[in-house]
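Student: Protein sequences, first through last, are from chains U and P.
Per UniProt numbering, the very first residue in the first sequence carries number 1; after that it's consecutive.
Per UniProt numbering, the very first residue in the second sequence carries number 1; after that it's consecutive.
Pasting a structure here, questions to come.
There are 2 protein chains.
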Amino acid sequence: MTSTDDYLDRAVARALRGPARDRNPRVGCVLVAPDGQVVAEGHHAGAGTAHAEAAALAAAGGRARGATAYVTLEPCHHVGRTGPCTRALLEAGVARVVYAVPEPTQRATGGADWLRGQGLPVEHVPHAGAYALVADWARAAALGRPHVTWKIAGSLDGRVAAADGTSRWITSPEARADAHTLRAQVDAVVVGTGTALADDPALTARDTEGQELADQPLRVVVGRRDLPPGSRLTQAPSPALHLRTHDPHEVLRALAQHDARTVLLEGGPTLGGAFWAAGCVDELLVYVAPVLLGAGPTGVPDLGITTIGDAARLRLVDLARVGPDVRLRLVPTAPAVDPAPDPAREHTLVPTPSPQED
Amino acid sequence: MTSTDDYLDRAVARALRGPARDRNPRVGCVLVAPDGQVVAEGHHAGAGTAHAEAAALAAAGGRARGATAYVTLEPCHHVGRTGPCTRALLEAGVARVVYAVPEPTQRATGGADWLRGQGLPVEHVPHAGAYALVADWARAAALGRPHVTWKIAGSLDGRVAAADGTSRWITSPEARADAHTLRAQVDAVVVGTGTALADDPALTARDTEGQELADQPLRVVVGRRDLPPGSRLTQAPSPALHLRTHDPHEVLRALAQHDARTVLLEGGPTLGGAFWAAGCVDELLVYVAPVLLGAGPTGVPDLGITTIGDAARLRLVDLARVGPDVRLRLVPTAPAVDPAPDPAREHTLVPTPSPQED
């Protein structure tokens, strides 16, 4: 017998056909007739296209009547370009609605209650796969900006390069592969112009043979200096986004405009330190290689901390061996607080746009 | 039925009555009559006292005749103050010998073979507890000097103190308790005069309430400067050993004279760096606190490494969470090699003295 979980699994699988990097989260919908047969499926193919429910209803035609709609996200109840999904489901004669994740934004919420008010049975059945679809998106919505991970790779004594500036390679091929997997998972990878000029990084996500992975982040360089023609960041797959500012808030606003929900800071110390000081680091990822250097630059700049009582404290949330190296994942013990007034937050991110805003 | 393992367990338990910190390792002996009854037991109570076999034979008197001797270490076959144990076992009429660990030193080896030559059945039955009794001692014998652990406790960015020199506390109470347990396990704890003058450490092994543990290491301060009267290291339980040298080889020779087989370097960077440069670090223990400092001294001094290819490489052998902190245990990838000629090694440590030398 096919269970509610099976139909939601199928809706999640369908949702994954949508774009991983988009203004909207991925949503899937499966319409099931009273006899248990799947009538139609649909997914959201990205901002500007039909919502998952609308796509499924269009595919079903008259067969939607009497069906149960299994949706990964609570149907929206606000008027976008196509009218709310709640009304569309009702008008198509859908008999029952099951959704896996409540709509987390103010603007689109209320869909389940409205449908119940119209006499439709509506059930909320939590589903881990459906939550995973919207996790990054919901987190960015809650933060009011993209989620920021600061990555540092150094020696046991905190050096990120030797005295002569050489740093290839402190960490192992395994740790570098791990970092490339992370690049493929985030929406944007950011370096300062200092690192761009010193290391000429590609910032693409590559496998251990150097082949680019299918998912590539937006490549971003931050700072006022120009990159010389021929720099890897000015070349394929497409020139990196160059933000000529040092202000983390401005950087994050710009990245939000590019639909980034997750951002990885890859260096150097000045960039990471500026984000830390601005309260814009949500996670610290430290790769420690089993190496002593004794001299050379450290990965963390002067943070204005002069005495031990003022040390910046974090909490270890994950510890793993990665090849011969160690990876620590930490979060600040106090939530990253934005000490600077940020007028842009008001209108761009709080209240957040609908998940299915088109 | 009582098995060979049971009798060896009992011999190990008996051995543990001997002193943990002594020139000789702890050894136990159990004499068992043909009917399985334990006739007598004995242990080695420290250099200058009877060997375990001799102690057991003395306790057994005539009942040793026909018994099986279970010994944690192969009976010695060299003439110390009391004559070899091999001969004593034979003369007492012992019918059979079972030992758990072969004698690892040249000088005292050959006991099992000699007894077999005299017609006695002799069996080697490996036993983990018996190996543990002699592990530190055998390791120091193999190294030709005490085994050295360099401990560093710092921040994620490799700082061991803040910019103003304050370092209490970077690591957690749990990590400090772990380090105190380690002090109770090693034979000697060493700091440089710089650390002694700056921090005035007690270097005793204490529990979380500050009470001194039963086992205390030899406290050692290294360097030419005097400690002011009233320094904790000049006080109870007894004044620390003050070695007025900076040469790691001289320090280790002196500590070997004090029967140290395991040494813990607790700071500062100058001391650890000197031992590292001399090839006298066998293990590195790094406590990493989930803290960023951004400024302040690092735990590792300039090692003369200028480029990444020359980085000092180690191998991670253990990784653990200790409270909110992380502990890494590492060993140099190449065995610690002593690059300097060391005339003292010849006569003091190679060939090593008998384990039961009195």
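Beta carbons are placed, not taken as given, at the ideal position from N, Cα and C, and that holds for glycine.
All of these numbers come straight from a predicted model, not from anything done at the bench.
If you compare alpha carbons, which of U:His249, U:Arg261 and U:Asp318 is closest to U:Leu271?
Tutor: Out of U:His249, U:Arg261 and U:Asp318, U:His249 has the C-alpha closest to the C-alpha of U:Leu271.
Student: Tell me, please, whether the segment 101-119 of chain P touches the segment 50-69 of chain P by the rule of three or more beta-carbon pairs shorter than 8 Å.
Tutor: Not touching, per the Cβ criterion.
Student: Check whether chain U comes within 8 Å of P:Val337, counting only Cβ atoms and requiring the distance to be less than that.
Tutor: With a pLDDT of 46 at P:Val337, under the threshold of 50, the modelled position of this residue cannot be trusted; read the value that follows with caution. With 8 Å as the cut-off, P:Val337 does not count as an interface residue toward chain U.
Student: Counting pairs of beta carbons, one from the segment 286-294 of chain P and one from the segment 147-165 of chain P, are three or more of them closer than 8 Å?
Tutor: Judged by Cβ distances under 8 Å, the segment 286-294 of chain P makes contact with the segment 147-165 of chain P, as three or more pairs qualify.
Student: Ignoring anything shorter than 3 residues, give me the beta strand (DSSP E) runs that lie fully in the segment 123-179 of chain U, in order along the chain.
Tutor: Segments of the beta strand (DSSP E) lying fully in the segment 123-179 of chain U: 147-154.
Student: Taking buried to mean at least 16 other C-beta atoms within 10 Å of its own C-beta, is U:His51 buried or exposed?
Tutor: It is buried - the Cβ of U:His51 has at least 16 other Cβ atoms within 10 Å.
Student: Around the C-beta of P:Val337, are 16 or more other C-beta atoms found within 10 angstroms, so that it is buried, or is it exposed?
Tutor: In this predicted model, P:Val337 has a pLDDT of only 46, less than 50, meaning its place in the structure is not dependable enough to derive any value.
Student: Could you give the distance in angstroms between the alpha-carbon of P:Pro229 and the alpha-carbon of P:Gly93?
Tutor: About 60 Å.
Student: From the beta carbon of P:Ala157, is the nearest beta carbon of chain U less than 8 Å away?
Tutor: Note on residue identity: the sequence assigns Asp, not Ala, to residue 157 of chain P. Output row for P:Asp157: interface = yes.
Student: With DSSP as the reference, identify every bridge partner of P:Cys280, one or two as the case may be.
Tutor: P:Cys280 is not bridged to any residue.
Student: Please report the distance separating the alpha-carbon of U:Pro335 from that of P:Gly223.
Tutor: Bear in mind that the predicted position of U:Pro335 carries a pLDDT of just 46, short of 50, making it unreliable; the figure below should be weighed with that in mind. Rounded to the nearest angstrom, the two C-alpha atoms are 46 Å apart.
Student: Specify the secondary structure class of P:Glu53 as computed by DSSP and reduced to three states.
Tutor: In this structure, P:Glu53 counts as helix in the three-state DSSP scheme.
Student: Measuring straight from C-alpha to C-alpha, what distance separates P:Gly119 and P:Thr86?
Tutor: Roughly 12 Å between the two C-alpha positions.
Student: With distances taken from CA atoms, which of P:Tyr7, P:Ile170 and P:Ala88 is nearest P:Val326?
Tutor: When each option's Cα is compared against that of P:Val326, the closest is P:Ile170.
Student: Measuring straight from C-alpha to C-alpha, what distance separates U:Glu91 and U:Pro84?
Tutor: Going from the Cα of U:Glu91 to the Cα of U:Pro84 covers about 11 Å.
Student: From what residue to what residue does the alpha helix (DSSP H) around U:Glu41 run?
Tutor: Run containing U:Glu41: none in the alpha helix (DSSP H); it sits in the beta strand (DSSP E), Val38 to His43.
Student: Looking at the secondary structure, which residues open and close the alpha helix (DSSP H) in which P:Gly28 lies?
Tutor: Taken as a continuous stretch (DSSP letters only), P:Gly28 belongs to no alpha helix (DSSP H), being part of the beta strand (DSSP E) at Gly28 to Val32.
Student: In chain order, what residues of the segment 293-309 of chain P put their CB closer than 9 Å to some CB of chain U?
Tutor: Against chain U - using a Cβ distance shorter than 9 Å - the residues of the segment 293-309 of chain P are Leu293, Gly294, Ala295, Gly296, Thr298, Gly299, Val300, Pro301, Asp302, Leu303, Gly304, Ile305, Thr306, Thr307, Ile308 and Gly309.
Student: Any C-beta of chain P within less than 7 Å: which residues of the segment 162-193 of chain U qualify?
Tutor: If the cut-off is 7 Å between Cβ atoms, the segment 162-193 of chain U has Ala162, Ala163, Asp164, Thr166, Ser167, Arg168 and Ile170 near chain P.
Student: Return the chain-ordered list of same chain residues with a C-beta closer than 6 Å to the C-beta of U:Arg14, the five sequence neighbours on each side being excluded.
Tutor: Result list for U:Arg14: Gly28, Glu41 and His43, in chain order.
Student: Sort P:Val12, P:Asp9 and P:Arg321 by Cα distance to P:Ser172 and report the nearest one.
Tutor: Nearest option by C-alpha distance: P:Arg321.
Student: Drop a sphere of 10 angstroms on the beta-carbon of U:Arg145, count the other beta-carbons inside from all chains shown, and report buried for 16 or more, exposed for fewer.
Tutor: U:Arg145 should be labelled buried.
Student: Do you know how far the Cα of U:Gly48 is from the Cα of U:Asp302?
Tutor: Computed Cα separation, rounded: 45 Å.
Student: Does P:Thr68 come out as helix, strand or coil in the three-state DSSP assignment?
Tutor: In the structure shown, P:Thr68 sits in a strand (DSSP, three-state: E or B).
Student: Name the residue from U:Ala274, U:Gly111, U:Leu264 and U:Val30 whose alpha carbon lies nearest to the alpha carbon of U:Leu182.
Tutor: Measuring from the Cα of U:Leu182, the nearest candidate turns out to be U:Leu264.
Student: Give the list of continuous beta strand (DSSP E) stretches no shorter than 3 residues that lie fully inside the segment 287-324 of chain U.
Tutor: List check, beta strand (DSSP E) in window: 312-322.
Student: Note down, in chain order, every chain P residue with its Cβ under 7 Å from the Cβ of U:Val286.
Tutor: What U:Val286 touches in chain P: Leu156.
Student: Leaving out the 5 sequence neighbours to the left and right, which residues in its chain are closer than 8 Å to U:Leu314 when beta-carbon positions are compared?
Tutor: The answer, listed in chain order, is Leu284, Leu330, Val331, Pro332 and Thr333.
Student: Report yes if the C-beta distance between P:Thr298 and P:Pro269 is below 8 Å; otherwise report no.
Tutor: Yes, Cβ-Cβ distance for P:Thr298 and P:Pro269 is below 8 Å.
Student: What residues from chain U crowd round P:Leu328, counting only those whose CB sits closer than 9 Å?
Tutor: Going along chain U in sequence order, the residues near P:Leu328 (Cβ under 9 Å) are Leu156, Val288, Pro290 and Val326.
Student: Taking the beta strand (DSSP E) that U:Leu89 falls in, what are its first and last residues?
Tutor: Run containing U:Leu89: none in the beta strand (DSSP E); it sits in the alpha helix (DSSP H), Cys85 to Glu91.
Student: Confirm, please, whether the CB-CB distance from P:Val39 to P:Ala64 is below 8 Å.
Tutor: For P:Ala64 and P:Val39, yes; Cβs fall inside 8 Å.
Student: Label P:Arg17 either buried or exposed according to how many other C-beta atoms from any shown protein chain fall within 10 Å of its C-beta, with 16 as the threshold for buried.
Tutor: Exposed, because fewer than 16 other Cβ atoms sit within 10 Å of the Cβ of P:Arg17.
Student: With a threshold of 7 Å on Cβ separation, who are the neighbours of U:Pro121 within its own chain once the five nearest residues in sequence on each side are excluded?
Tutor: Arg96, listed in sequence order.
Student: Tell me, which residues are paired with P:Leu212 by DSSP?
Tutor: It is Glu, not Leu, that sits at residue 212 of chain P in the sequence shown. P:Glu212 pairs with P:Arg206.
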